[in-house]
Structures are given as C-alpha cells and as structure tokens.
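Residue numbers (UniProt numbering), protein chains in the order written: chain C, 1 to 490; chain D, 1 to 490; chain H, 1 to 490; chain X, 1 to 490. Ideal Cβ positions, reconstructed from N, Cα and C, are used throughout, including at glycine.
4 protein chains.
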Amino acid sequence: MKTFNAEEVAKHTSPDSCWVVLYGHVYDVTDFLSSHPGGSKVILQLAGRDATEEYDPIHPPGTLEDNLKPEAKLGKIDPQTLANPAKPAAKEEKKDEVDPPLESLLNLDEIEELATKKMSRRAWAYYYSSADDTWSKSNNNLVYRNIILRPRVFVDCTACDSSTALIGTKVGLPLFVAPAAMARLGHPDGEQGIARAASKFGALQIISNNASMTPEQIVSDAKPGQMFGWQLYVQNDRAKSEAMLVRINKMADKFKLICLTLDAPVPGKRELDEKSSFINAAPVAAATKTGDESSRPGGGGVGQQLFWGTAADLTWKATLPWLAKHTDLPIVLKGIQTHEDAYLAAQYAPQVKAIILSNHGGRALDTAPPAIHTLLEIRKYCPEVLNKIEVWVDGGIKRGTDIVKALCLGAKAVGIGRAALFGLGAGGQAGVERVFEILKAEMETCMKLLGAKDISALGPQHINARMVERDIYDGAAGLDKMGLWTKSKL
Amino acid sequence: MKTFNAEEVAKHTSPDSCWVVLYGHVYDVTDFLSSHPGGSKVILQLAGRDATEEYDPIHPPGTLEDNLKPEAKLGKIDPQTLANPAKPAAKEEKKDEVDPPLESLLNLDEIEELATKKMSRRAWAYYYSSADDTWSKSNNNLVYRNIILRPRVFVDCTACDSSTALIGTKVGLPLFVAPAAMARLGHPDGEQGIARAASKFGALQIISNNASMTPEQIVSDAKPGQMFGWQLYVQNDRAKSEAMLVRINKMADKFKLICLTLDAPVPGKRELDEKSSFINAAPVAAATKTGDESSRPGGGGVGQQLFWGTAADLTWKATLPWLAKHTDLPIVLKGIQTHEDAYLAAQYAPQVKAIILSNHGGRALDTAPPAIHTLLEIRKYCPEVLNKIEVWVDGGIKRGTDIVKALCLGAKAVGIGRAALFGLGAGGQAGVERVFEILKAEMETCMKLLGAKDISALGPQHINARMVERDIYDGAAGLDKMGLWTKSKL
Amino acid sequence: MKTFNAEEVAKHTSPDSCWVVLYGHVYDVTDFLSSHPGGSKVILQLAGRDATEEYDPIHPPGTLEDNLKPEAKLGKIDPQTLANPAKPAAKEEKKDEVDPPLESLLNLDEIEELATKKMSRRAWAYYYSSADDTWSKSNNNLVYRNIILRPRVFVDCTACDSSTALIGTKVGLPLFVAPAAMARLGHPDGEQGIARAASKFGALQIISNNASMTPEQIVSDAKPGQMFGWQLYVQNDRAKSEAMLVRINKMADKFKLICLTLDAPVPGKRELDEKSSFINAAPVAAATKTGDESSRPGGGGVGQQLFWGTAADLTWKATLPWLAKHTDLPIVLKGIQTHEDAYLAAQYAPQVKAIILSNHGGRALDTAPPAIHTLLEIRKYCPEVLNKIEVWVDGGIKRGTDIVKALCLGAKAVGIGRAALFGLGAGGQAGVERVFEILKAEMETCMKLLGAKDISALGPQHINARMVERDIYDGAAGLDKMGLWTKSKL
Amino acid sequence: MKTFNAEEVAKHTSPDSCWVVLYGHVYDVTDFLSSHPGGSKVILQLAGRDATEEYDPIHPPGTLEDNLKPEAKLGKIDPQTLANPAKPAAKEEKKDEVDPPLESLLNLDEIEELATKKMSRRAWAYYYSSADDTWSKSNNNLVYRNIILRPRVFVDCTACDSSTALIGTKVGLPLFVAPAAMARLGHPDGEQGIARAASKFGALQIISNNASMTPEQIVSDAKPGQMFGWQLYVQNDRAKSEAMLVRINKMADKFKLICLTLDAPVPGKRELDEKSSFINAAPVAAATKTGDESSRPGGGGVGQQLFWGTAADLTWKATLPWLAKHTDLPIVLKGIQTHEDAYLAAQYAPQVKAIILSNHGGRALDTAPPAIHTLLEIRKYCPEVLNKIEVWVDGGIKRGTDIVKALCLGAKAVGIGRAALFGLGAGGQAGVERVFEILKAEMETCMKLLGAKDISALGPQHINARMVERDIYDGAAGLDKMGLWTKSKL
C-alpha cells in the first residue's frame, strides 16, 4: 500500500479532487461528495488534511466501508509529515483544573454545568441547542414546577419500590434513556457507556438511529434481561432502513421495541448548533455549493446534517404496514403531541404498544406543547387511550419530582435525553450512573413523602395540576365553537 | 446663475431670512417656513448651512419643486467654501469593523442587531421607537409566544407550498411589507431596494405615503405580476391626496390596492424618537417658536413631523364615498383594533376588500391591543367578517411560527414593518432578501412540522390560543353586564 | 431683647432644659417637649443649636406662636457665634451640573428622576416611601398596564375637549392634586407653587392638612373660579379641627369641598422614611425616651411624626354629623377601598358628594387594593353608587392613558400626589406645570386615538379590563359560599 | 484520671480505633461509630482531635452520658498540647465591624441579613436551606403577597387587642415559635433564649425534638402561664420516645401539647445544607464507608443527620393509640398538607386538638403546597374541620399582614421557624424579642387599618384571595372528572 505525505494530500481540496486522511489512511472522497448526508460543504471544509478527530466521534464503525468503494482508499499517510495539531496543548492546560468528584454533584444542573466545561463547544452546542427561541425547551421543565404535589401523612412508607414493567418487560425504574444521537461527541464511552450505566439500574435505553456506535457494539455486554429499544428514522432509501431492521431483529433478546420517531420529519432550527458550525467552518468557495445546499439558511449544524436522507412522507396508512413486514417487534411511536394523534395511535394497537409524548426536547418546533399538556389533553378528551396503550413522556425532566408528577398523571415511563448525554460528558459511564442515582433517590424520596409505597400507588390525587390544566387546548369550548371549521376527524 | 460662498449663506438663519444649501444650490426658504409640515424649527436648526445630508434621505425627489417657487432658488454654492464635515472620518473608523456576512445572521433579532450598529442614531430611533412605555410593541410579539402549536404526525409533508392569493392576486408568500416611512433614512437603496427584494419572493409591498422615494421610482423595475399597494394618509388639503391618487391610478397594473391608514389620526408619543431629535437639535431662540409649535411636548421627532397636515376628521360616511370618486382600486383599511370596527368595515364590501388589524406597530397608542386580540375578538363576536372580507394582521412578527399562528386563526396575510427596514439597514436590498429568506424558511419548516402541505391546510386546530383567549375583550360577559352603558352600536 | 451666643445655647440639650435657635431667635422649648406631635426625641436631636434649616420646610408660619408661650422666646442669637454649616459647599458643588431643561423631560418618570437628584434625601424618602414591601404602590401603577385600550377608527376627533365638572364646579381637567403633606420639603415654592401651576390648567387642588404653608397663603393669588379642597385629618383634640374648619369656611369662594381622609387612621410602616430619619438622627440618651416613644419601632420618620394627634376613632354615625355642625361644604371621603364602604358612603349623600378610592398611595397598608379594583367592585356589586355620588380615584397615575382608563370605568376625576411633589422638586412651580402639560397632552392624544371627542364620550367599551377583573374580590362566588361567615352588613 | 497529650490522641483516627477530645476529656468512640445517628463518617472526620466546637452546639447536655459507656472516657487532655485553632483570629477581625443596633432593623429581612453575616456558614446553611429548587420555600411567602387586604373605614380602632387563646390556653399573640432544631448552632442563648423572648410576649413555643438543650433547661425559668409544646419525632426505637414523653408529662404545667410531626417521615433534599457539609468535610477513606452510608447522595448535611433513627412507619390506626397510652397531653398534628388529611385528623378529636398546616418550611418535599392552599382547600371541601379542631399554619411568614391574612381565613395561630432562629443569630434573646416586637407591631397596625378591634373581628371579608383560590386543588372539577380513578377515600 502506497504511503503519501501530507503535502501531497493537501493539494486535493476541490470538488474535482477531494482527499482526506482518516485513521492513518488517505481516502479519495470526490465521488462521495454529492451523496454525503451532511452535504458536500462539510467534507470540503476538512479536505486535504487529517479529519480523524472531526470524523470519528460522529460516525459508527463501518461507515467508511459501507459508503466508499475499495479503490477510494488510496494508501497510508506518513505520520511524520502531518503537522502537530495545536489544540492538545490547550486541552492539557484545561485539565490542570481538577474536576469535582461526581458524588459532590447534587443535581442535574450541576452535572450539566460540569459537562459544559468539559465538552467541546461543538458537542455542547449540539446537545444543548433547541429550536428558535427555546420556548419549548424551557417550558418542558417549567410546566413541572407548576404542578403542586399533595403529600399524604400517616402512611407507612418504610419500604418504597420504584420498579415497574414497560410493555411487558420488567425494568428497575420507570425512567428510560430517550434516543439521542452522537454520544461519542461528548465522551469516548459513547452509547455503550450509557448502556453499562443503565444496566446497573435496570433501565431501558432506546438507541438512536444516529448513534456513534453500532447497535451490536452498544449491547455487546448487556446483562441478562437488560432492555433496549431501537429508534428508527425511516430513510428515503427504504432499503437502508430495512437493512437496519434485519440487524435489530437478530438481537430480539435485547431489543424489545422499535421506536419510530415522528416529531421531526424535517429538522428544527437549532440556532446554537448552526452558529457553532458556522463559526468553526472555514469559508468554502460559493462555487462549490449546490443549489440545494445554498438554500439552507445558516451553516447547518450537526443536527441538520443528521437529518439528510430522512423520509418526510410517512403516513398512518403506508408506514405501519410496511414496518409490520420488516419486524415483529412492538412499535413505540415517538413524538405524539396532540390528543387526536394519541387517539389514532391507540387504534393501531396491538402493533403499536406505546406512544411517547414528546416535542423532541424542544428541538423540532418551537412553541410546541410540553408532553404534560398532551397528557392532560388525553385525560380530558380520550382517557381510554391510557387503557389501550402505554403512554410515555419525555422532555424537561430535571428532578425526581418531575418523574413522579408524570406518573401520577398516567404516564408509564419518563425519558431523559440531554441528562444522560451531559452525565456522559461530565464523567463517562460513571457520570451517567450518577444521573440515574440522583433521579432514583429523588424519586423515591418524593414517593415516600407522598405516602406511596410503589409506582402503582401514585395517582392524580397526589398532584394539583390546575395551573397547567387551564392552559391546555380547549378546542371544544374555545375556538371550536366559532363554527368556522369542523373538528379534525379522528 | 449666481454663486454664493458659505460665509454669506451663514448669515441667513432667522425667521426673517432663512437660507439653506441643498444639492449644491442655495435656496431662500423664508416664505416656506410657516408651511413646512415638520414645523419651522426643524428648518431653522439647519439654516445658513448645507442641509443636504439631513434633507435627502427623508424627502422624495420633486419635493423642492413642488413646494418652492422658482425664484427661491438663489444660485449655486461655491463648494470650496463649505467646511469639510467632520463626521465621515468617524464613519470610516466604524467601517474598520467588518460586518458579518448576511447568511450568518440566523434570525430577525440578529439582523436588527446589525442594523442598529450600522444605521444612524436618528434613523434607528425613528424605526425602533414606539408609544409611551412600549407595552404594545412588546406585547405584539409576546402574544405569539403564548400561542402553542399543535403538530400532527404521520402526514406526508415532503412538498410544502406557501404561496397564496391576496384579494384575488397571486403572491409567493402570505407575507407583505407594511407601509413604513422613510426607508432611505436606513439605507440608500430605500423603498426601491425593498421592492427588488420583494420581487424575488413574489411578496406584496405596500408603499408608505411618506416614502422617501416617489412611487414611480419604487416600482420602476417591478417584475410582471409583482403586487404593490399604496398607503394613503388623507391630507387636510384633500387636493394633495387626490393628486396622489391620480398618479397611483395610472399605475394600476402594479398598484392593486389603496391602503387607508386609520390607526393614527394623530401621532403617538414616541419618546425615543423625540429624545433623539431633541438631543441633536441646536437650540433655537424661543422667539422663533410659534404658539402652535411651542405647545408640542418634547422635540417632535421624525414621527411627529411626518404627521403634520394629516387629516383627523375621517368618517365612515364621508371618507369612503370621497375615495370612491377618486379611485377604483380596492380599499384596504389599516388599523382596525376592535371587532366592532371590523364588523363595520365588512359592511363596506366590496369597495373595502380587506382590513389590516394593526396597532401601528405599537407606535400610536400604548396599551392598544395586539392584532391577535382583535382577530380572536372577530372569531368570537362576528366570525362572518372573515367570509365577507379578507383579514390581514401586522405587528410583532419575529418568527415564521408567528406568521403560521396568525394564518391558523384566519388571517390571510401577515405584514412586517420594522423587520424590512432593519433588513435594509443591515444590508440594503440583500438585507431585505435575507429577512424574506429567513421567514419563508421558518414558515415552511413550521408548516411541515405541523403536517400542513399548504396554506389552506392551516386552521385553528393547529394551535392552542387559550392563554391569549382568556385576556381578550369580553364586553358581553364582563363590564357590559353592569347595565351602566349600552353596547356600542354596530 | 437679650442676645445669646451659640456656646451658651449649646449647654441646653437635655429634657430638663432644652433650647433651640429658630430664625435668629433663641427659644426654650423644655415645656413643649412632651406635647410635640413628632415626639420629644426629634427636638432633642436638634437641641442646643440652630434648627431653622430642619424646622422651616415642615412647619407653616404661625406654628411657633400657636404652640409656645411668649416667655419661651428668650432673645436673639449672635449670628457670628454660630458655626458655618459645612453643607452649603457640597450643595454648590452639586449645582455645577446643569439641570436639563424641563421641556426635555418627556414623562413623569423623567421628572421624578430629576427631582430625586435635586431634593434632599429626607424629602425624597418621605415622598417616595410606601408601606412595607411597596406591593400596593407598585401595583397601583401596574394595574393600569393590564388594562387594554380599544381604539375606534373613522371618528372625527379634530377637536378634543378634556374639561369637565366636579361636584358641580367646572374644571379644566379631570385631573386633581391629591392632598400631600410638606411641599416645601421639596421646593421653596411649596403648596403655593402647586396652586399657581394648577391655575394654569384649571385643575382642582386639595390642600393637605399637613401643608407646610397656611391655606390662606396657598390660595392667596388664586384665579377667579379656581377650585380648592381642604383635607381634614380629624384631631384627637377636636377643637383644633373645628378651628381649622372656621378658617376654611371663611374662604368658601375658593374651597369647594372638605376632603375627609379615612384610609390612614394610624400611620403605615414606611421603612424608607423611617430609615432615613434613623440614619440622620444623632443618638439620644435612652434615659430621655418616654415609654410611649420607645415602643415605636424604628426611627419614626416624617410620616409617623405627622400622624401624632390624629384621631383613630372616627365612625359613620358620630363623625359625619359632627362635621355637619362645623361646615356646610360638601364632603368628599378619601380612602374608600371596598364596595361595601362605597355603598355606605352613598347613603350619606347629599352631605357626601364624592368618594376618593385610594389606598393612600400605597403608604398605609401594604397589599391594600389599587383604586381600580375598588372601582371594578363597585361596578360589579353596587353600580348604583356611580349615579348617587361621584367616584374619584388616585394612586399610580404615570400616563395620560392611565387617567383615561379610570374615566372609562366611571371615575369622574383622577388624582396625582407624588407626581405633583416630584414636579415641584424638579423645578418648583414650572415643574408642576410641566407635569400637567405632559399628562394633559397624553390624555388628549389618547382620547383622539380612541375616537372620543370629550370626557363624556368615554365608556367601558373603550377598554378591556379582563386581566384585572378576574383578580377582584369575589366574595359571593368564592369564600362567601363556605357558609362560615355572614356577609358583612351594608 | 490519666492525662493524654494531643499527639497521642491524633493517632486514633480509624474505624478500628477512634478517639476524640470533648470538653477537655478524651473519649474512645470506636464502639459508638456504627450507632451514631449522623453516621460514622461525621465522627471520623473529627477523629483524633478536639471536636468540642463542632460537637457542642448540636448536642444537648447528657448526650455523652446517655450514649457512651463510662469506660469510654479515657482521661483528660493536656490543653498545652492542643494546637491553637487558627479560626478565632478571623472571627475577631470580623468583629471589628460594629453590628447595627437591633432597633434599627425594621423588618425580618433585615434581621435575616444580619444573622447571615454573624452566623457560621454551617448554621446558616442548615437554617436557610430548603428542598430541591426552593420552590415551596419561596412560594410559602409569595402566596401571601397574592392575597389582597380589604380595609374598612370609619371604624373606631383606637384600641386593638391581639391576644387570643390556643386549645384553651390564653396567649398574648396568635404567633407561635414552630419547632426548629439546633438553636445553639446560631447563638449560645439557644432554645432558652427563645423561651425568654417568647415569655415577654406571652407566646407559645414548641420545642424541637432535636433541640440543642434539654426541655428541662429550656423551660427552667418560664413565667407562670407561659405555654410550651413538645415536638415528637417518633423514633424507630419507641422506648426512646416513650422515655422522652415521661419527662415531658412531668412538666405538664408548662407543656400544654405534644406536637407530632408528620410531614417529614424521611428527610428532604436540602442541597445547601448538604453542600455545606460536603465542602467542610475532610475526605474520608472510602474503605470506612458502610454500604448504607455510601448510598446517600451528597454529604448528608445537618438535616439528614438529625433524621437518622426517625420512624417512617407511622399510621393513623397504630400511632395515635400508642401515643394515648403514653401521654394525656393534647395532640397537635404538624404537617397536614391536604384537605383529606385535615378531615381525617378531625375524626380523632378530642385527642387531636389542632393541626398545623405546614410543608416543613419547604424543607421536605419541593413543590408541596403552601399552608394557605391547604387552608383554602379545607374551606372549600370540608369547612366543618374548622369547627371541630383548631387549624394552625406555618411557613413563609415575613410580615404582620401575612399573619392577619391567615387569621382571616380561619387559622387560629401562625408559626414562625426560621424567623426566630435568625433573630437568635442576629442578637440572641434580644434578637428574638425584636422579631416578636416587629411582627406584633405590624400585625396590630394591619388590624387597625382593616378596622378590626381584636382577633375575633377578622374574617374572610377582610381579604381577597382570588388570585390564590384559582390555583388550589380542584379534584372534583378537574382531573377527578376523568373517571380514571376514584376519589381517595376519606
């Protein structure tokens, strides 16, 4: 195999001839430019140099092999000829500050604070960002503050059991890790670190379609009975999705559900993420832009790149039958935001076993409702849904009391997304464990102070949600009365 | 033609003899002092020197010819005798800072921020200012934050069409440029720059009665099918208004409507604008004030100057018939703020084809209701209005989601005022294009995430406006029940 | 008359022998110590030195003569022996800053800001302070922000007349000066300066019982038809009050009403005022305190001193008949804060001609309701009151729109207290005129933009008070239903 | 008795041999490590040195004797060999600042501010801290701000009597000191200082189960008729609780009630307290941790230490009968937070004579309801409770108006916790007296301004609680209607 020096590689930086160095090898990616899910611009910014550091944390193993022809691998790079990157020095300097021990971090805000210090700006911006003016992200949490707890006294709560079962599988906690992409951006432990942490608490982990490790890697040392789910973003190229389902179906002892994400048929506008990419990006000649790319406002950002190729044409009638052909696993629909869609989902039981009320962590559409709104809508307009399928929620969880409040309203499980990633950023697997430890302790303290011995004892009598209830959708009493439109057909 | 030197001109600075230099010529404006719409004080502050820089951006071509007798033009100025103004140096210094590229500005706030840096203090104060304590201006935007979106899932929204038709004319967007005065204050491209930007998006532009360019100039290179409106402030001297209508009627291929502004029969109190004028103004001897002027609190400001001569005696019965005599163009009434007036306007269809719910960008009466309040009032008390005439809104638009929310409630079009001016200030025509680009992209992302393929698919089922609804006027249920007054007659 | 030197006077600083210098004379005030309305401590702090500067601005002429026996005046002070006070230097230094011209101050906040700079800390603290945590003071204004105006269009409002009549007397404005004590603390023009300013606008002035000038002085150059009222704090020593009524009755051509203040039977806790007195006070030996005084928490402050001697035992049955014996002037009851008391007051028509809804500018009881609440209560529970007597309001007025909103709800007049005093502090009589000028202009601009030609045209249809209405007392629907108490008897 | 030197003591710092110096003596506490209520870690941090300063303020006399065998007392310490602690110097330096006189502190916030300066960080953190995000603590106070007072006029309120009776015993004030632990942490006067201050105002004091002095000490110089209560946290080792009851029963002339605390069966998460302990703690080898301790998140804090040994298995059926066997004193149940439990408590009259609506000062469960919510719930759903037993409240009291508002809603007494402790911290017994003085003066001023002569005159007609009422639990109208759960059985 031929060996190149860096000088030679550095000449290939145009759409006509674009080389990059990855893991010590030189690749000619010219032909791949137009089909890169993140757009050609992202590659051209890295052209002619060693892109391993940027490439590695966001691509699972096998990506190069899946996407490039064998002849694209031109040879080796002579490592002596690569300039020493200046960054590591800065990083070492930062490491002089000793991190506080994880056990001294008392809540999720403190973990996020440490993660913010330790992670790269790019990773932080990708995890932290949300759509437009972050109204939905903020409100996801605020809505829990506005629900008042109602502690009962003279109840023996010496023992308190927070285990439960989700769509028939026993779990240690009603808390699950929601699918979130690119865990290795935050820490080398990546999705597998989350899996190992989850196993200690018996918690379900739903693995992102855009994970930075393969599903096989992530579940490789799972404990017996450990529960996983696989998130599916249906691709325009359905064959790709079908191939993934084949892989997941083979691990049906571990993967107990397919989570079909519906709340982001197109990417939201996450300005912090876009800004971060814009700032870092070396300017690329306008000539290299395709018409398609130039229409994207801003710099794209990690979030937008991940969406390329995702199908926006899913429908109740076409997508669920297609899915039934390719997997027997139970389906969980993620991103339900109205009682109308919850009602519809329940018609698809038993193929659909659960729905996740979610506004995508506020990352898709700003001013979309928090999950608690949708849950209250369901209670008000179609409570029977809660009997037909399981209703899970995510978004805005910061405290054990938040989890308990959702459970009191009928949710069977509550997901965390950023919290797990920030735990990872703060301390790898141990940081994720600290997140679980804090939430489990807070949740059980809350249950005891409410006078509830186990999950099944929790009910709406334990909360006062009146401040929230008066804000939920009131189609029947309000705008619907105007006679200008007919109620959307269920 | 005689040539004067600056020293001689500088002697004429009193109400008895007042000269100014404009575009290289010397004018005797003594006789015109008392009839200047902005009051004599404004001219006297500039007397005896070259006033071109101050005069130019707020007067369209032809103003001198229309208002001064030929003999008032005394001759040329010897440019050698004019002192070099000190300002340009400062300006160059400022230009050392390189502006960020427009494509790096991700939202309207960032565009406003750049415009604020680049524009003169006076222009900024005029655009930015609003009445009293800016409650209405702030609330115009805030009210949109309090409307929650209701995304539907499993809808194929691969394609999304945001074109529509306004009073029968097809437009590329439901977004129009509301009439706003003095665009050249912000950038030399002026109203024509806005027109060229609008043409790229097929958007309607309503040209201000106080534009700093003539309507003929503004539409001079319009594309075929490009839609314009002309804003009319009826003048006390009706003949002036009639003359303008004659000019507009001649361009009926481009001007598809006359927009009669009603929400500002007298100027609001825009303190920032007044303050800016007060600070810059050289002190003028009290003796030069007329009784009328001295009664104006504060320094007047650009806004107050523009209002001089505007009629405050318009009525349903007199004004609309007068207008019918002078134009066949459809009438759009701007500044409707109650359902009662919306109901009345609908009685004047088909002469009146649309109304614009507006509180003049919060610039007229502080604590006047946001357009969304009035729209909700209409839906509640007289929804039939929405069938008889088109209802448009303006004020407070910052995001594509804001536009979509107004459309969901029945608005046919949504106007932007300051956003276009700040776009102009940030980058001339290209800045305005960036504003359109951002809003169109945000609007279409929102529609897709709601599951709406086109404008007609949007309806009140897509929003939860309950937080706003409970604040709207409730005459019937509340104060009206007291029996102390009878309902205002519709 | 004997002449003393300062050294000798300085020896008399104890409760056994207490001398002070006032206006160049030496007084022995030992016997008066125990009967000083402000307590002996205040005098002892000034004992042995020239107290003129502290004494003068808070005592009207004649106070010495009324309270001291002739022999208490011991003789003259030798002015050479008095140390030059150090303060004037500091004052001059401050005067190097040129005050902005009054006409450049655009609103009441800017006037207050200037007054705050110019006035003594003690005067400012007395005017500015309010009870406890200032909730009522803040809310007095905030409640107006939460009322939305409803402008009507197509109304000819070229002319706009803001004159009106109050209990039968024509006034130029529905705006009156509420009784506020100690105007000379703020500016030497004092209450007479306010009177002269009011005369320019035809406005009613109600003179405080604790004015720093005599009523005769204040009205001495009133214009024909200028309307005054006299505020009465009934004294424990009724004879004192009766004597004052004799003096006022003699000036019945000017004084058109007696304003009986009811909302402060005991002084509120104005911490800023108390703090200011505490800080300035020289420490006084504990031995000099009487039991009574030592029970007063804090330092007392100007406000508490003024209250000494005020009767707390007024009743409907005893006080009004007593008043009828001593004056024929119409009675205005100030400080009504519930609809129940408004209802009761109306039973005492025609002796009682008006009530002023007031919480004493937030200075009496914190979290007392703003006048607008009480006005809405009256409209809801006993609207007939508005027909039987006039209802005036005060508290929190900052804008012309505030005035208009109160009028729309049925108030006949709106009072300002601090605003007049801060106007005085900012520029003496001219400052008060500027306050009137601003409010009148704002009020008329508001009326025109609402489409109201005169005061009588204003009604509740011009406002949306829903945000406030939902917070007003709802005895019948809420707590009253509990059956634990019977409705307070009207 | 043997004398040790410090060097020798310093060798015993492990779980195998742990010595400490207390009050000049050396103790071998190795055997006691595992049974220390605060966990072994706390002792190990102090091992091998003089721990008197840390030990003394949180342990009442007799603790050593009760818990250690006689042979654990090894001998005396040679004081010469103890290093001089460095801290005192820093303390003296601080004392250079002269404290403001207590009479210059005008309200509870100013007293807290001074106490915060004077107290140790650890004491402050223990007193100040509350659960999670301090929502409940903040809202405890805020809820009073949202209740509006309704002053009546023309009421003779010259005299005003604020005395009352609690469960049959006459007290000088409706204000009591709620049980709060560890008063000597804040000031050496400790709980006895509070008792002496309370006696001056005839106020009830409920002594904490975790007091830093013995009950005998605290009441040792009580005045005749002075009323005390004893707080009971039932211990897992019931014999300990029974022994305490024997002691209390003997002082039945002073102790008029047993206050059984129910709102904290397990400790809340007080992060400030935990953080403070974590920061101060010397690192302890992980090997010394027991499994039980290592599961506690964070450092524990004073609050968590105090809870060890407290029973979490109390029930209506078992606990009250057990209590009846061991005392004849009336029972007051503290920590009722729902109307359901208030209703249940009333069934246990006359053994139960009163309940205290409390969320433990926001220290147990964050987002638990303020007492005022529960009081309003009782008025709404089971007002008869107010006739059967007395209802007291605590939490959030900052002003005399707060007290009056609670009384107007039917509370018979109002407790302060932190306020008394901060008074103690600010000035020992005199500081607590200042707290009583301020609140009593504020309360009586409020009563007079409302027109209430005594406590019995206060009623719901004096307040407008509508802003709070709309937020209280509305089971019947809201979530309860959903049919998904049956109302919790009373």
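Per-residue DSSP class, three states only, for residue i
i	result
threonine 367(X)	coil
residue 535(C)	Beyond the ends of chain C as shown, which are 1 and 490, falls residue 535(C); an answer cannot be given.
valine 26(H)	strand
arginine 270(C)	strand
glycine 190(C)	helix
glycine 48(H)	coil
Where residue i falls, given that 16 or more other Cβ within 10 Å makes a residue buried
i	result
lysine 240(H)	exposed
aspartate 161(C)	exposed
valine 404(C)	buried
glycine 75(H)	exposed
serine 35(C)	exposed
serine 136(D)	buried
CA-to-CA distance, residue j to residue i, given in whole angstroms
i	j	result
threonine 367(D)	alanine 457(D)	33 Å
isoleucine 148(D)	phenylalanine 436(D)	24 Å
histidine 373(X)	tyrosine 55(X)	39 Å
aspartate 133(X)	leucine 173(C)	23 Å
leucine 407(D)	alanine 159(H)	39 Å
residue 491(D)	glycine 431(D)	Limits of chain D in this structure are 1 at one end and 490 at the other, which puts residue 491(D) out of reach.
tryptophan 392(X)	leucine 450(C)	21 Å
asparagine 209(D)	tryptophan 124(D)	20 Å
leucine 232(C)	tryptophan 322(C)	13 Å
cysteine 446(D)	proline 369(C)	14 Å
Cross-chain neighbours of residue i in chain H, by beta carbon under 8 Å
i	result
valine 393(D)	Going along chain H, no residue has its Cβ under 8 Å from valine 393(D), so there is no contact; the nearest lies around 15 Å.
Neighbour list for residue i in chain D, Cβ cutoff strictly below 9 Å
i	result
methionine 467(H)	Arg470, Asp471
Expected contact under 8 Å - CB spacing of residue i and residue j to nearest Å
i	j	result
glutamate 433(H)	lysine 200(H)	6 Å
residue 531(H)	glycine 229(H)	Any answer about residue 531(H) is impossible in this case: the structure gives chain H only from 1 up to 490.
Closer than 8 Å at the beta carbon, the chain X residues around residue i
i	result
lysine 448(C)	Pro265, Val266, Ala312
threonine 338(H)	Arg150, Pro151, Arg152
Contacts that residue i makes with chain X (C-beta to C-beta distance below 7 Å)
i	result
glutamate 7(C)	Those do not exist, as glutamate 7(C) stays about 53 Å from chain X at its closest Cβ, beyond 7 Å.
Interface partners of residue i on chain D, CB under 8 Å
i	result
proline 369(C)	Ile148, Leu149, Arg150, Asn464
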